[in-house]
Amino acid sequence: PRESDACSTSAGRRPRMSAETRGCALTEDKATKENTVHVRTDPKFEDWATVRGFCPNALPHPSAWSSRPLLFRLSGDVHKIPKESLRPAWRRFEENAESDYLKLNATGESEMAQACLPVNTMSFNFDTKLFTGKGMLRLPSKETAAYFEGKQRKSSMLIQGRFKRKISYRDIYTGQEFCHPVKSPGYLITKAAFAFFKAISPSLEANIAPESEKKKIPNSTHFMSPLAGTASVIQITEEKDAPTLSSTLRITEDLTLAGGIFKDSLKEKPDMAKRISWRRKYFQKIKHLEQYSFDPDLVYTFDFYNDKLLMDSLELSILGSKYDLTKYLAGQPLRIMAKSRDGMDYLWNFELWHERQTEAWEETKADKIVLKTVGAT
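So for the sequence shown, the numbering used here puts the first residue at -11; every next one is plus one.
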């Protein structure tokens, strides 16, 4: 598969985009009401727009999404991009010489954040303060059939790269965080879910802000667990041995180079499923996380797969029933992310939106558009 040079955050350099990635990028010259669309949200959350960390109120029009009805893109709070790119899309961003989109919405919206990332057929490069590497989102399709065959998996996110400095396993988390409160499915269900996940993941750090939250603290609703104990598969290699990301790649669970109790794990636990289960259970204990660190001289390849989350439709499949997540997200994206435990820096942060979350869905729902892949030849 080809690679898309999605971004570079080095000081003084403008991010570069390949032809595939430019598919839904907008420039300030082209930013008009016609090529942007309002995000549908709950009215009670609309006044969060002036708070740092709030999700965008407008997106590029779905007609420009290369994987429509999905928009898979970089998150604007990690990658800097031109100002005011979406302001004309909604009356809230009124013409005012003293204010602009970045001031009103400090997460920023821009050409880079709006750029579509490829799905299924290509990897893309990314770079942040703590990590540099590649990513690849895979959903069931003819290109990815060999990967999903014989598995219950509904999605896969591959991440590969290097940490920019030595960091304790204790200090890197992955999960979900939300700009503003989500719509709760009910107190009893929420409480039961918390109790269940806390039981199987003692290191889980989570909070659900009430819908009536007045303090407007971004990301106060979150579910975060240590990366080392959460990733579905982890493979640590020297650079020369790193696997090439592809639509069909299945990586091997191998933490031999992490040392410690993992030094002879391939020999002692030849069954890969058992190695994965053992590693995930082991790193649920904080004292074990504190004994290991991510090494900047090694290449880490992670596979995050899921058998319940239908990313191509943003639905949750449980016991034969499907639940529309967009109803609970209330105008927010689903995130694929990892960040430092202190919350200061991200390793990666990607957004997944569905057209149902925009006003454009009313225009096209009579003629549903199926997911199309990007970069196929």
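Note that the Cβ used here is the ideal one computed from N, Cα and C, for glycine as well.
Exercise. Quick one, are the C-beta atoms of G217 and R263 less than 7 angstroms apart?
Worked result: As a working mapping, residue 217 is identified with position 229 in the sequence shown. As a working mapping, residue 263 is identified with position 275 in the sequence shown. No, the pair does not count as a contact, with Cβ atoms beyond the cut-off.
Exercise. Can you give the Cα-Cα distance for K296 and L307, rounded to whole angstroms?
Worked result: Position 308 of the sequence shown, counted from the first residue, corresponds to residue 296. Position 319 of the sequence shown, counted from the first residue, corresponds to residue 307. Spanning the two alpha carbons is a distance of roughly 9 angstroms.
Exercise. Just checking my contact of F112 with G123 at CB under 8 angstroms: how many whole Å lie between their CB atoms?
Worked result: Locating residue 112 in the sequence shown gives position 124, counting from the first residue. Locating residue 123 in the sequence shown gives position 135, counting from the first residue. Yes, they are in contact, since the Cβ atoms of F112 and G123 sit about 6 angstroms apart, within 8 angstroms.
For this session: Measure from the alpha carbon of A134 to the alpha carbon of each residue in A52, S235, A348, then state which is nearest.
Result: Start at 1 with the first residue of the sequence shown, and residue 134 comes out as number 146. When only C-alpha atoms are compared, the closest one is S235.
Exercise. In the DSSP assignment, what residue or residues form a beta bridge with A340?
Worked result: Residue mapping note: residue 340 aligns to position 352 of the sequence shown, counting from 1. Note that residue 340 is Leu in the sequence shown, not Ala. F60, L322.
Exercise. Can you tell me the Cα-Cα spacing of S143 and L215, whole angstroms?
Worked result: Taking the first residue of the sequence shown as 1, we reach residue 143 at position 155. Taking the first residue of the sequence shown as 1, we reach residue 215 at position 227. Spanning the two alpha carbons is a distance of roughly 18 angstroms.
Exercise. When the Cα atoms are used, what is the spatial distance from T225 to F250?
Worked result: As a first step, residue 225 is located in the sequence shown; it is residue number 237 there, counting from the start. As a first step, residue 250 is located in the sequence shown; it is residue number 262 there, counting from the start. In a straight line, the C-alpha of T225 is about 13 angstroms away from that of F250.
For this session: Can you grab the Cα-Cα spacing for the pair F166 / F338, in whole Å?
Result: Counting from one through the sequence shown, the residue named residue 166 turns up at place 178. Counting from one through the sequence shown, the residue named residue 338 turns up at place 350. When rounded, the distance between both Cα atoms is 13 angstroms.
Problem set entry | Contacts around M212, its chain only, beta-carbon distance under 6 angstroms, and the 5 residues preceding and following it disregarded | For this step, residue 212 is matched to residue 224 along the sequence shown. Result list for M212: Y161, G163, E193, in chain order.
For this session: Spatial neighbours of D369 within its chain, please: CB distance less than 8 angstroms, with the 5 preceding and 5 following residues excluded, ordered by chain position.
Result: Not covered by the structure: residue 369. The range shown for the chain is -11 to 365.
Exercise. Roughly how many angstroms lie between the CA atoms of L92 and K315, to the nearest whole one?
Worked result: Here residue 92 refers to the residue found at position 104 when the sequence shown is read from its first residue. Here residue 315 refers to the residue found at position 327 when the sequence shown is read from its first residue. Annotation note: pLDDT 30 at L92 (below 50); position unreliable, coordinate value reported separately. Rounded to the nearest angstrom, the two C-alpha atoms are 26 angstroms apart.
Problem set entry | Residue burial classification, Q148 (beta-carbon count within 10 angstroms, cutoff 16) | Here residue 148 refers to the residue found at position 160 when the sequence shown is read from its first residue. When all chains shown are included, Q148 counts as buried.
Exercise. Do the CB positions of L277 and Y157 come within less than 7 angstroms of each other?
Worked result: For the purposes of this step, residue 277 is taken as residue 289 along the sequence shown, with counting starting at 1. For the purposes of this step, residue 157 is taken as residue 169 along the sequence shown, with counting starting at 1. In contact: L277 and Y157 (Cβ atoms closer than 7 angstroms).
Problem set entry | Check whether R153 and T120 have beta carbons under 7 angstroms apart | If you number the sequence shown from 1, residue 153 lands on position 165. If you number the sequence shown from 1, residue 120 lands on position 132. No; because the gap between Cβ atoms is not below 7 angstroms, this pair is not in contact.
Exercise. Going by DSSP, which residues form a beta bridge with P169?
Worked result: In the sequence shown, residue 169 corresponds to position 181, counting from 1. P169 is not bridged to any residue.
Exercise. Considering only the beta carbon of each residue, do V25 and G319 sit closer than 7 angstroms?
Worked result: Along the sequence shown, read from residue 1 onward, the residue named residue 25 stands at position 37. Along the sequence shown, read from residue 1 onward, the residue named residue 319 stands at position 331. Against a cut-off of 7 angstroms, the Cβ pair of G319 and V25 comes out as no contact.
Problem set entry | Span separating the alpha-carbon of M145 from that of L335 | One-based indexing of the sequence shown puts residue 145 at position 157. One-based indexing of the sequence shown puts residue 335 at position 347. Going from the Cα of M145 to the Cα of L335 covers about 14 angstroms.
For this session: State buried or exposed for Q140, treating a residue as buried only when at least 16 other CB atoms are found within 10 Å of its CB.
Result: Sequence index remark: in the sequence shown, residue 140 carries index 152 (1-based). The residue is exposed, with fewer than 16 neighbouring Cβ atoms inside 10 Å.
Exercise. Between L59 and the rest of its own chain, which residues show a CB-CB distance below 6 angstroms, the 5 nearest in sequence each way excluded?
Worked result: Counting from one through the sequence shown, the residue named residue 59 turns up at place 71. Closer than 6 angstroms at Cβ, skipping near neighbours: W53, W341.
Problem set entry | Assigned secondary structure, M260 (DSSP; H/G/I helix, E/B strand, else coil) | Indexing the sequence shown from 1 puts residue 260 at position 272. Note: M260 maps to helix in three-state DSSP.
Exercise. In angstroms, rounded to a whole number, what distance separates the CA positions of L243 and E347?
Worked result: Taking the first residue of the sequence shown as 1, we reach residue 243 at position 255. Taking the first residue of the sequence shown as 1, we reach residue 347 at position 359. Each residue's Cα considered, the two are about 46 angstroms apart.
For this session: Report buried or exposed for M299, applying the criterion of at least 16 other Cβ atoms within 10 angstroms of its Cβ.
Result: Stepping through the sequence shown from its first residue, residue 299 is reached at position 311. M299 is buried by the Cβ-count criterion.
For this session: Can you check DSSP and say which residues form a bridge with R150?
Result: Along the sequence shown, one-based indexing puts residue 150 at 162. T120, per the DSSP bridge assignment.
Problem set entry | Extent of the continuous alpha helix (DSSP H) to which Y316 belongs | Numbered from its first residue, the sequence shown carries residue 316 at position 328. Residues 314 to 317.
Problem set entry | Reduced DSSP secondary structure (H/G/I, E/B, other) of Q279 | Here residue 279 corresponds to residue number 291 of the sequence shown, with the count starting at 1. Coil.
For this session: State the Cα-Cα distance for the pair S51 and T232, rounded to the nearest angstrom.
Result: The residue you call residue 51 lines up with position 63 of the sequence shown. The residue you call residue 232 lines up with position 244 of the sequence shown. Rounded to whole angstroms, S51 to T232 spans 32 angstroms at the Cα level.
Exercise. Nearest to L125 by alpha carbon, out of M110, P169, Y311, T29?
Worked result: On the sequence shown, residue 125 is found 137 positions in, with the first residue counted as 1. That would be M110, whose Cα lies nearest to the Cα of L125.
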